[in-house]
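In this text, residue positions in the sequence shown follow the numbering used here: the first is 15, and each later residue adds one.
From the three backbone atoms N, C-alpha and C, an ideal C-beta is built for every residue, glycine too.
All of these numbers come straight from a predicted model, not from anything done at the bench.
The structure under discussion appears below in the form of structure tokens.
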Amino acid sequence: MEVQQDSPLLRYRKTIIALLGVALVLLLSQFLYLTVQPVERAVDRNVFGVYDTPDPDWSDLGGKIVLALHDPASVASMISLYEQRIGWADMSLLPYPADLYGARWSHDGMLVAATRYIDERFPLIVMSADSHETGYVELSSPHALIARMPSWSHDDTHVAYMTRDDLNGGDRDVESWSIYVVDVHQADSERFVTLGAYPLFLQDGTLLVLRRDGIYRYRESDLEWVGERILSVGGDGTYPEMHMSLSKDGTELLITNPTEGSLNVFALSYTGSGLSTVEKIDEFPVFALWPVFSPDGRYIAYIEVDSAIARINPRIKVIDRSTGGTFEFADLSRFPSDLMYMTDWITL
């Protein structure tokens with residue numbers, strides 16, 4: 015059929031072709047948008063900027079790492095809890111009250127022990143792990159101005175913590191702190207253990223404490239706590255950056271020594287009467303702070319810095335103990351490192 019010169023098809027042919035071209039471009043753009051958008055959205059939510067996807071299969075790790083950080087961009091001069099979910103490119107605020115320090119979850123995941131700024135003090139508190147419940151119980155004595163680093167007993171009935179009544183002095187001396195144990199179900203039940211820092215409950219109910227000349231183990235005897243040194247530290251002795259952490263089952267111990275640039279792993283063996291041997295089984299040459307084990311013990315996360323003295327360029331790194339590989343997946347350089355605590359690795 016011959017098309018006449020004044021046929022509408024001929025008259026609007028160029029317009030139709032142009033419209034078809036525009037439609038094709040729009041379809042292609044939508045396809046590319048749907049393909050790229052999940053990555054872009056993940057980057058947009060990232061508080062810290064873009065960083066590389068970690069090499070290992072992070073789906074095997076599970077859970078989230080909990081950090082207490084002070085955001086210098088915040089109007090309020092407070093520390094907030096953040097979560098770094100494993101395998102996610104973003105870090106987000108946890109919906110808990112501000113100014114929580116050293117938050118640690120009970121073994122059953124039902125409770126959180128932490129210290130919180132209240133009326134110019136930092137008392138020990140225990141609250142529900144359900145962030146929608148805002149109530150808490152204050153457990154430390156009113157005379158304690160600062161409480162830090164709670165540790166749960168394996169039956170979740172007691173919490174050990176470090177405290178002192180001086181806001182300013184003695185930061186370089188680990189024995190400027192006092193160690194107390196409190197029954198979470200009984201008010202006014204705190205009991206003094208010893209001078210020292212970073213208490214950790216072992217599975218046999220005894221306590222590890224960092225003291226000036228080494229690590230001590232304390233056990234209850236006739237309503238008193240009796241200690242014995244299980245690891246010696248020579249030279250100038252211990253210092254506050256020697257952070258300690260236990261595996262979830264209590265069979266391994268992490269100790270940082272950033273001055274010497276090492277992260278040390280010790281195996282803890284038990285008999286029927288309790289802890290029997292402590293043996294060093296591994297050492298990693300890193301400037302590490304605040305180490306934590308993954309729930310299954312296969313991985314170790316820590317905050318790495320360029321120098322133990324300057325504490326510059328802090329970032330979260332993870333060691334795969336099965337391969338020895340080390341992977342970085344969060345840059346913390348925008349946060350002040352002297353107000354930075356990585357306190358737990360918990361399951362979702």
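*Count the C-beta pairs between the stretch 197-207 and the stretch 271-279 that are closer than 8 angstroms, then say yes if the count reaches three, no if not.*
no
*To the nearest angstrom, report how far apart Arg-225 and His-257 are at their CA atoms.*
12 angstroms
*For Lys-331, the first and last residue of its enclosing beta strand (DSSP E)*: 329-334
*What are the start and end residues of the beta strand (DSSP E) that includes Phe-343?*
340-345
*Anyone know if the C-beta pair for Ala-161 and Tyr-175 falls short of 8 angstroms?*
yes
*Beta carbon of Asp-197 nearer than 8 angstroms to that of His-172*: yes
*What first and last residue would you give for the beta strand (DSSP E) that runs through Trp-304?*
302-307
*Write down the C-beta distance between Gly-264 and Leu-216 rounded to the nearest angstrom, noting that I regard them as a contact closer than 8 angstroms.*
5 angstroms
*Touch check for the stretch 345-358 and the stretch 289-296: three-plus C-beta pairs under 8 angstroms?*
no
*Looking only at DSSP bridge pairs, what is His-199 linked to?*
Bridge partners of His-199: none, in fact.
*Starting from His-172 and walking both ways along the beta strand (DSSP E), at which residues does that stretch end?*
172-178
*Got a sec? Which residues, its chain only, sit under 7 angstroms from Val-50 by beta carbon, not counting five neighbours each side?*
Residue placement at Val-50 is flagged as unreliable, the pLDDT there being 35, under the threshold of 50; the coordinate-derived value follows with that caveat. Here the set comprises nothing.
*Go to Pro-213, then tell me how far its beta strand (DSSP E) extends in each direction, as first and last residue.*
211-215
_Suppose you measure from the CA of Phe-301 to the CA of Asn-271; what does that come to, to the nearest Å?_
8 angstroms
*For Ser-167, which residues from the same chain have a beta carbon less than 6 angstroms from its beta carbon, with the 5 sequence-adjacent residues on both sides left out?*
Phe-215
*Ile-326 versus Ala-281: straight-line alpha-carbon distance, rounded*: 31 angstroms
*Endpoints, beta strand (DSSP E) assigned at Lys-78*: 78-84
*Is Ser-308 buried or exposed, if buried means 16 or more other CB atoms sit within 10 Å of its CB?*
buried
_According to DSSP, is Asp-352 part of a helix, a strand, or is it coil?_
helix
_Once DSSP output is grouped into helix, strand and coil, what is the label at Glu-242?_
strand
*Best match in Asp-85, Ala-315, Thr-340 and Met-124 for proximity to Ser-5 [C-alpha to C-alpha]*: Since the displayed the chain opens at 15 and closes at 362, residue 5 lies outside it and no answer follows.
*Looking only at DSSP bridge pairs, what is Arg-130 linked to?*
Leu-114
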